[in-house]
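Numbering (our numbering), first residue to last: 398 to 843.
Glycine included, C-beta positions come from ideal geometry on N, C-alpha and C.
What follows is one structure encoded as structure tokens, with my remarks underneath.
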Ligand code: 2IT
């Protein structure tokens, strides 16, 4: 690693030794951009690395709420406003037991470069709470969302900070959050994305992350004169991203054979099609957060406490959560002949797993490139809100597809520039970083 890059990384490790996931994501980005630091002293002269690893601000607040029995609970809420040189802070809200400042800093940091790759005017941020929606009633979810927005509302604005959903936050939660914001501020603003279609939402936003992942996969496969037709695909998770992936893989002639939850995974060799795809939505809405229900409903195998990576597949798409695929999972996949690993989630591969796949012949797409379709569609929703109109489904799909192709091209070309053809991780980090860093230089020290 280049000297300046290594020094800043060490400084960060000393300053925030407990922020393991954040350090992981910075290490991953720094290893790639180390190459450009060497040949572009301007970034060091402007101290871009020290400036980019510190969020503009982190808002941390208390979220008290009442359950259906009248008992009072207190959760922690956060919004990490990381960087707005390219536009309003933009990134999802995650409601999950694993949420803390470190995990949100890592997600916010990733989001800066992901959003830069979309080519739209989007800054980077992330927020959420350690509130666990599992088993909560609709009323309890509403109570929680209202309390969360009581504080969050004062930090948002259509030109300031525009959150969206992430794990545990879907259309229903966005509705409750938006309603509270509208009432508190007495203003109908495009201040959240993923809104309902009837009140400012965009066509295709629910599908966009998954569709984008598959559009990116298609572009990668084109490089080796391949396509998705007839391919077997292993997917993890059963939420929003997995659902979009399953739908688009089916459209393009592939077959998804696995889904997973915190309880284990299901193996459906016939493929997840038709009513089974709709059933994924039911599982999500049930709030039970287990995938075993699928095996009961459709009489397929369920492997308790196991991950789907032991099933032979051509393409593996981890869509659940960070660090869900380790070195030994990648070894198994490669031994079984997997040719392509595409990240649907944010940082689902550990650093070691990532290195292993990069050293192999298999193709690898980093989440900040391959899963950028979600936030890209959010950007399109913001554009539509600013214009007070709604584009057709076809129009949004066309724009989304174009953005994903363009992200692929940027990654591909940046990798070629450094003589590492096919290294999408390097390409994504370099292309995303350059856009942000150059804007920071243009805009001065602030
Ligand atoms: O990880 C992500 O890119 C998201 N959760 C979507 C963020 C957004 O603002 O649409």
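Self-check item: Identity of the residue in 514, 493, 457, 791 nearest residue 805 by Cα
Solution: Taking the first residue of the chain shown as position 1, residue 805 is located at position 408. Closest option to residue 805, Cα to Cα, is 514.
Quiz item: What did DSSP end up calling residue 452 once you bin it into helix, strand or coil?
Solution: Here residue 452 corresponds to residue number 55 of the chain shown, with the count starting at 1. Three-state result, residue 452: coil.
Quiz item: On the three-state DSSP scale, how would you describe residue 531?
Solution: Taking the first residue of the chain shown as position 1, residue 531 is located at position 134. Coil.
Quiz item: Are residue 522 and residue 505 closer than 8 Å when you measure CB to CB?
Solution: As a working note, residue 522 is residue 125 in the chain shown. As a working note, residue 505 is residue 108 in the chain shown. Their beta carbons are under 8 Å apart, which means residue 522 touches residue 505 by this criterion.
Self-check item: Spatial neighbours of residue 450 in its chain, beta-carbon cut-off 8 Å, leaving aside the 5 residues before and after
Solution: Translated into positions along the chain shown, residue 450 becomes position 53. Around residue 450: 405, 409, 423, 506.
Exercise. Using three-state DSSP, classify residue 751 as helix, strand or coil.
Key: Position 354 of the chain shown holds residue 751. Reduced to three states, the DSSP call for residue 751 is helix.
Quiz item: Taking only runs of the alpha helix (DSSP H) that begin and end inside the region 717-801, which ones reach a length of at least 4 residues, in chain order?
Solution: 724-732, 748-756, 764-767, 770-784
Exercise. May I ask you to report which of helix, strand or coil DSSP gives residue 470?
Key: As a working mapping, residue 470 is identified with position 73 in the chain shown. Here residue 470 sits in strand by DSSP.
Quiz item: Between the C-alpha atoms of residue 821 and residue 466, what's the straight-line distance to the nearest angstrom?
Solution: As a position in the chain shown, residue 821 is number 424, starting the count at 1. As a position in the chain shown, residue 466 is number 69, starting the count at 1. Distance between the alpha carbons of residue 821 and residue 466 is about 51 Å.
Self-check item: Beta-carbon gap between residue 516 and residue 800 smaller than 8 Å
Solution: Indexing the chain shown from 1 puts residue 516 at position 119. Indexing the chain shown from 1 puts residue 800 at position 403. Yes, the Cβ-Cβ distance between residue 516 and residue 800 is below 8 Å.
Self-check item: Three-state secondary structure (DSSP) of residue 625
Solution: The residue you call residue 625 lines up with position 228 of the chain shown. In the structure shown, residue 625 sits in coil (DSSP, three-state: anything other than H, G, I, E or B).
Practice problem: Go through its chain and collect everything with a Cβ distance to residue 464's Cβ below 7 Å, but skip five positions before and after it. | Solution: Indexing the chain shown from 1 puts residue 464 at position 67. Cβ neighbours of residue 464 beyond the five flanking positions: 470, 537.
Quiz item: Between which two residues does the alpha helix (DSSP H) containing residue 839 stretch?
Solution: Sequence index remark: in the chain shown, residue 839 carries index 442 (1-based). Residues 821-840.
Quiz item: What is the residue span of the beta strand (DSSP E) that residue 700 lies within?
Solution: By one-based count along the chain shown, residue 700 stands at place 303. 698-701 is the extent of the beta strand (DSSP E) around residue 700.
Practice problem: Report the three-state DSSP secondary structure of residue 435 (helix, strand or coil). | Solution: Residue 435 sits at position 38 when you count from the first residue of the chain shown. It is helical.
Quiz item: Rounded to a whole number of angstroms, what is the C-alpha to C-alpha distance between residue 610 and residue 742?
Solution: By one-based count along the chain shown, residue 610 stands at place 213. By one-based count along the chain shown, residue 742 stands at place 345. Straight-line Cα distance between these residues: approximately 10 Å.
Quiz item: Would you say residue 487 touches ligand 1, meaning its beta carbon is less than 7 Å from a heavy atom?
Solution: Position 90 of the chain shown, counted from the first residue, corresponds to residue 487. It does: the Cβ of residue 487 is within 7 Å (strictly closer) of some heavy atom of ligand 1.
Quiz item: Does at least one heavy atom of ligand 1 sit under 7 Å from the Cβ of residue 762?
Solution: Here residue 762 is taken as the residue at index 365 of the chain shown, counted from 1. Incorrect: residue 762 has no Cβ contact closer than 7 Å to ligand 1.
Quiz item: Between the region 668-683 and the region 590-600, are three or more C-beta pairs nearer than 8 Å?
Solution: no
Exercise. Please name the residue in 838, 454, 458 whose C-alpha comes closest to that of residue 557.
Key: Position 160 of the chain shown, counting from 1, holds the residue named residue 557. Nearest of 838, 454, 458 to residue 557, Cα basis: 454.
Exercise. Specify the secondary structure class of residue 476 as computed by DSSP and reduced to three states.
Key: By 1-based counting over the chain shown, the position of residue 476 is 79. Reduced to three states, the DSSP call for residue 476 is strand.
Quiz item: Taking DSSP as the reference, what is the three-state secondary structure of residue 688?
Solution: The residue labelled residue 688 in the question sits at position 291 within the chain shown. Residue state, collapsed to three classes: coil.
Quiz prompt | Cβ-based neighbour list, residue 812, same chain, cut-off 7 Å, excluding 5 preceding and 5 following | solution = As a working mapping, residue 812 is identified with position 415 in the chain shown. Result list for residue 812: 818, 819, 820, 821, 823, 824, in chain order.
Quiz item: According to the neighbour-count rule (16 or more other Cβ atoms, all chains shown, within 10 Å of its Cβ), is residue 553 buried or exposed?
Solution: Locating residue 553 in the chain shown gives position 156, counting from the first residue. Result: buried.
Quiz prompt | C-alpha distance - residue 648 paired with residue 401, whole-angstrom precision | solution = Locating residue 648 in the chain shown gives position 251, counting from the first residue. Locating residue 401 in the chain shown gives position 4, counting from the first residue. Near 47 Å, if we compare the C-alpha coordinates of residue 401 and residue 648.
Exercise. Give the DSSP-derived three-state secondary structure of residue 590 in the structure shown.
Key: One-based indexing of the chain shown puts residue 590 at position 193. The answer is coil: DSSP assigns residue 590 none of H, G, I, E or B.
Exercise. Alpha carbon to alpha carbon, how far is residue 752 from residue 641? Give it in angstroms, no decimals.
Key: Taking the first residue of the chain shown as position 1, residue 641 is located at position 244. Taking the first residue of the chain shown as position 1, residue 752 is located at position 355. Computed Cα separation, rounded: 27 Å.
Quiz prompt | residue 418 to residue 456 span [Cα, whole Å] | solution = Along the chain shown, read from residue 1 onward, the residue named residue 418 stands at position 21. Along the chain shown, read from residue 1 onward, the residue named residue 456 stands at position 59. So the alpha carbons of these two residues sit roughly 19 Å apart.
Quiz prompt | Separation of residue 633 from residue 429, as counted between CA atoms | solution = On the chain shown, residue 429 is found 32 positions in, with the first residue counted as 1. On the chain shown, residue 633 is found 236 positions in, with the first residue counted as 1. Residue 429 and residue 633: Cα-Cα distance of roughly 27 Å.
Exercise. Taking residue 591 and residue 775 to be in contact with their CB atoms under 8 Å, please state how far apart those CB atoms are, rounded to whole angstroms.
Key: Residue 591 sits at position 194 when you count from the first residue of the chain shown. Residue 775 sits at position 378 when you count from the first residue of the chain shown. Contact holds; Cβ gap of about 7 Å.
Quiz item: With residue 583 and residue 462 assumed to form a contact (beta carbons below 8 Å), what rounded beta-carbon distance in angstroms separates them?
Solution: To locate residue 583, count along the chain shown from 1; it is residue 186. To locate residue 462, count along the chain shown from 1; it is residue 65. Not really, about 23 Å apart at Cβ, beyond 8 Å.
Quiz item: Straight-line CA distance for residue 780 to residue 747?
Solution: Translated into positions along the chain shown, residue 780 becomes position 383. Translated into positions along the chain shown, residue 747 becomes position 350. When rounded, the distance between both Cα atoms is 35 Å.
Practice problem: Give the DSSP bridge partners of residue 656, in chain order. | Solution: Along the chain shown, one-based indexing puts residue 656 at 259. DSSP, once it has assigned bridges, lists 663 as partnering residue 656.
Exercise. For residue 732, count neighbouring C-beta atoms within 10 Å of its own C-beta (all shown protein chains included) and say buried if the count is 16 or more, exposed if not.
Key: In the chain shown, the residue the question calls residue 732 occupies position 335. Flag for residue 732 reads exposed.
Practice problem: Could you tell me how far apart the beta carbons of residue 559 and residue 589 are, in whole angstroms, since I believe they sit closer than 8 Å? | Solution: As a position in the chain shown, residue 559 is number 162, starting the count at 1. As a position in the chain shown, residue 589 is number 192, starting the count at 1. Yes, residue 559 and residue 589 are in contact; Cβ-Cβ is about 7 Å, under 8 Å.
Quiz item: Is the CB-CB distance between residue 482 and residue 836 below 8 Å?
Solution: The sequence position of residue 482 within the chain shown is 85, counting from 1. The sequence position of residue 836 within the chain shown is 439, counting from 1. Taking 8 Å as the Cβ cut-off, residue 482 and residue 836 qualify as a contacting pair.
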